[in-house]
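Chemist: If you're matching positions, the sequence shown starts at 9 in the working numbering and goes up one per residue. Cβ atoms here follow ideal geometry from the backbone N, Cα and C, with glycine treated the same way. After the structure tokens below, expect a handful of questions from me.
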Amino acid sequence: MEQTGDLDTAAKIRLTVFSLVMLWGAALSVYFSRRIFDLRFGDHPLKFLPSGISYIMVAVYAFIILVLTMIPMYLFQMIALKKGVETYPKEARYGKLIMGIAFLIVLFLGVIVTEGTVYIPLLIFSLMWFASGQLCYIFQIKGEKL
């Protein structure tokens, strides 16, 4: 982040914490995608797995990811983005870049971990933490139109 020299220290700290939360969401997405992969194609897959069970598991895991990423994002929002905190569009651009990089990391690691078979749940899981980042941080930046 050498190019963030024109941002103040508080903005750099916010971006660092934001990147850690995004990596947390990425790790959850990859982990739960692997769980779905193990359920369907692992060493000991269930012989009789109704198709609805895997869809229910995807929905449950997606909800868990949403909750486990929204809680840190709301805490981050309450602590770092209090009223009176000056934020600028450049910070939002860096935040979007961090989210994009985290999304690419999830896709790359998810395809490797699940051997390219569980990509729809991986995308659903990624959208959960992506949405929490957008709602809680990027939309709060002053002057940024999305």
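#1: Residue ranges of each alpha helix (DSSP H) run of no fewer than 4 residues wholly in the region 74–150, ordered along the chain?
#2: CB-CB under 7 Å to V66, same chain, minus the five flanking residues each way: which ones, in chain order?
#3: Since I believe S134 is in contact with S37 (beta carbons under 8 Å), could you give me their beta-carbon distance rounded to a whole number of angstroms?
#4: On the three-state DSSP scale, how would you describe D16?
#5: Can you name, in chain order, every residue of its own chain whose Cβ lies under 7 Å from the Cβ of G124, other than the five neighbours on each side?
#6: Below 7 Å CB to CB, which residues in the same chain sit around L74 once its five sequence neighbours on both sides are set aside?
Modeler: Looking at the atomic coordinates:
#1: 97–121 and 127–144
#2: For the purposes of this step, residue 66 is taken as residue 58 along the sequence shown, with counting starting at 1. Taken in chain order, the residues that qualify are I44, P129 and I132.
#3: Along the sequence shown, one-based indexing puts residue 37 at 29. Along the sequence shown, one-based indexing puts residue 134 at 126. S37 to S134, Cβ: 5 Å. Contact.
#4: In the sequence shown, the residue the question calls residue 16 occupies position 8. In this structure, D16 counts as coil in the three-state DSSP scheme.
#5: Against the sequence shown, residue 124 aligns to sequence position 116. Nothing meets the Cβ criterion.
#6: As a first step, residue 74 is located in the sequence shown; it is residue number 66 there, counting from the start. The residues are M136 and S140.
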